[in-house]
Amino acid sequence: MKPFNNLLESLTRDTGGKRYLPFVDGIRFIAIIPVVLLHATERFERYVLAPSSNLETELSYIISRGAIGVMIFFTLSGFILSLPFAKQHNRFSYKTYLSKRLTRLEPPYIFWMTIFGLVLLFKEQIGLATLFNHYIASIFYVHNLSYGEFSIINPVAWSLEVEIQYYLFAPFLAQLYFSQKNTKIRRTLLLSFTVIFIIAQHQFGWQYLPTKASILGQLQHFLVGLLMADIYVNESVWHNRKSIKWDLIGFIAIPVLMFTWTEELGKSLIFMVAMFGFFTAAFKGRIIHKLLTFRWIAVIGGMCYTIYLTHLPLLELTYSLIGRFGYSSPYWVQLTISLIIAIPIVLFSSMIFYKYTEQPFMSRNATVKIKQYFANKWMLFKGHLITKFD
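See below:
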C-alpha cells in the first residue's frame, strides 16, 4: 500500500499555495471520464464495429451523452475563477491573473499541440503552409473563429478556446457581480440574466456551430459556476450540513443533464437547473461529496488537463491498431473489451505525461522559474553573440 500511497501523493495536484478542495478534482473526474468514454466509443465504431441493432444504437447514444463533461468543465471554471472574488479579496492584478494562467496552461498546451502537429504533418497529406496556419490559429485559441470548425491538430481544443474567451473577462464579470452586496438581489439578477441570455442564444441561433464553439454558445454554464461560487463561500453553514436529499437530487441531475443536452430552448433551461442541482449536491450531498473526495478519484481528476489534451490522439492510435484484428463478438462485448484495453492506456500514459509536462508548471513560483529560464537563455545567447563578433 505504501508505494501506491506514494504514487498518489506524487500525483496530487499542486494548487500554487491555495487551499486544496478535493471535491473540485472529484468533479473534474466526473467530467473527464465520460468524455474519454465518448471518444473511445467513437473510435471503436470508426475502426472496429458500428452498432447494428436498435439496442446497440441506444447504447451508443447513451455513451455519446458523455459530452456533458465539457459543460461540467465550463461550470467548474466559472466556479473556480469566481472564488477569490466571492471571498471579497480586495487585491487584484489582471496582469498577475493572466500571467498565472499563461504559465500554468500554455506550456503543456503548446508542447502537445506541437507534437500532434508534427505527427499530422508526417501522417497526413497536408501541406506545411496549411498546417502551419492551423497550428498558429490553434496556439492562439482562434481556430474556431478563424476556420469555423474544430482544430485539425486536436479537435478537443475547441473547448479550451471557449475557456480562454471566458478567462479574459471573468474577473470583471465577477467584480461587477459581487459589487452588489445584497445576496438576494445579485443572485436574482444573475439568474434572470442567465435565462434571458439562453433565450437570446436560441433566438439568434448561437447554440449551433460555429458560434456554439464560442462563449456565445456556452456562457450560461460559466454563469452557473459564478452562482455556485457565491453559494459555496457565503452559505458555508448551509452546505456544510450534508443531506441525503441532495444526494438524491445529484443522482437525478446526471441523467437529466444527459438527456437535456440539446439545442432546444426548453431543454437548455432544464439543463441549467440540473447543473445547479449537480453542483449543489457536490457541496451538500453526504454520499456524493464523499465519493468526490476519494483519493484516487481526486488524483485522476487533478490530471484532467493532461488527459483532455492527450486522450484523443492516444485513442486514435489504440483503436486503429485494435481495428486490424477484426471482430467476431457482438458489439457490446467488443466495445467492453476494447475499453478495458484503451482506458488504462490513456490513464497510465496521462500519469507520465502529467508528471513531466504539466505538474512542473503548477507551483506558485512557476512564473518566476519560467522568466528566469528565458532570462538565462537570453544571457547565454547575448554572450555567444558578443564572443562571436568581438
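Residue numbering for the sequence shown follows numbering that gives the first Met the number 0, starting at 0 and increasing by one per position. Don't be surprised by glycine CBs; every beta carbon is placed ideally from N, CA and C. Source: prediction; values computed, not measured.
When burial is assigned at 16 or more other CB atoms within 10 Å of the CB, is residue i buried or exposed?
| i | result |
| --- | --- |
| E57 | exposed |
| S76 | buried |
| F203 | exposed |
| K17 | exposed |
| A199 | exposed |
| F392 | No answer is possible for residue 392: the residues shown for the chain start at 0 and end at 389. |
| R12 | buried |
| A49 | exposed |
| H383 | Because H383 sits at a pLDDT of 48, beneath the cut-off of 50, its placement in the model cannot be relied upon, and the point is left open. |
| I135 | exposed |
| S51 | exposed |
| V236 | exposed |
| S158 | buried |
| Y108 | buried |
| Q124 | exposed |
| Y93 | exposed |
| Q219 | buried |
| Q87 | exposed |
| N143 | buried |
| L82 | buried |
| S59 | buried |
| G25 | buried |
| Y231 | buried |
For residue i and residue j, what's the separation of their Cα atoms in angstroms?
| i | j | result |
| --- | --- | --- |
| F72 | F91 | 24 Å |
| Y19 | G300 | 13 Å |
| I184 | F168 | 22 Å |
| L120 | G126 | 8 Å |
| S137 | W260 | 26 Å |
| I197 | Q179 | 23 Å |
| R27 | L80 | 15 Å |
| I342 | Y304 | 16 Å |
| Q174 | F84 | 6 Å |
| L10 | P33 | 21 Å |
| M350 | M70 | 24 Å |
| S337 | F258 | 26 Å |
| V141 | I195 | 27 Å |
| I29 | I287 | 11 Å |
| I61 | T95 | 42 Å |
| V345 | T187 | 43 Å |
| L268 | K289 | 29 Å |
| Q333 | H238 | 43 Å |
| R240 | L117 | 52 Å |
| M274 | I248 | 11 Å |
| F347 | E357 | 15 Å |
| R285 | H38 | 31 Å |
| E263 | L313 | 33 Å |
| I306 | F352 | 9 Å |
| T335 | D246 | 29 Å |
| F360 | L97 | 14 Å |
| K244 | Y166 | 34 Å |
| F22 | T182 | 25 Å |
| I340 | L308 | 20 Å |
| T113 | A66 | 25 Å |
| K122 | N153 | 14 Å |
| F324 | Y207 | 38 Å |
| A252 | K266 | 13 Å |
| R100 | F110 | 16 Å |
| I151 | M302 | 24 Å |
| L311 | S63 | 15 Å |
Start and end of the alpha helix (DSSP H) containing residue i?
| i | result |
| --- | --- |
| L58 | N53 to S63 |
| M257 | I243 to T259 |
| E315 | C303 to I321 |
| L159 | W157 to F177 |
| L208 | Taken as a continuous stretch (DSSP letters only), L208 belongs to no alpha helix (DSSP H), as it is neither H nor E. |
| I32 | P21 to Y46 |
| I79 | I67 to A85 |
| M350 | Y330 to T356 |
| I125 | Counting along the chain, I125 falls outside any alpha helix (DSSP H), and DSSP gives it neither H nor E. |
| G147 | Unbroken run through G147: none, as it is neither H nor E. |
| Y231 | I214 to N233 |
| R18 | Per DSSP, R18 belongs to no alpha helix (DSSP H) and is neither H nor E. |
| A49 | No alpha helix (DSSP H) contains A49, which DSSP labels as neither H nor E. |
| R90 | No alpha helix (DSSP H) contains R90, which DSSP labels as neither H nor E. |
| S191 | T182 to F203 |
What are the partner residues of residue i, as DSSP defines its beta bridges?
| i | result |
| --- | --- |
| G265 | Paired residues: none, contrary to the question. |
| G284 | S242 |
For the structure I just gave you, are there three or more beta carbon pairs, one from the region 42-54 and one from the region 115-134, closer than 8 Å? no
Would the region 216-224 and the region 272-288 be scored as touching if the rule is three or more Cβ pairs under 8 Å? yes
Does the region 315-322 come within contact of the region 279-296, defined as at least 3 CB pairs closer than 8 Å? no
I'd like to know if the region 100-115 and the region 148-162 are in contact, where contact means that at least 3 CB-CB pairs between them fall below 8 Å. yes
Quick test of the definition: if touching needs 3 or more C-beta pairs under 8 Å, does the region 141-153 touch the region 207-215? The region 141-153, when compared against the region 207-215, does touch it at the 8 Å Cβ threshold.
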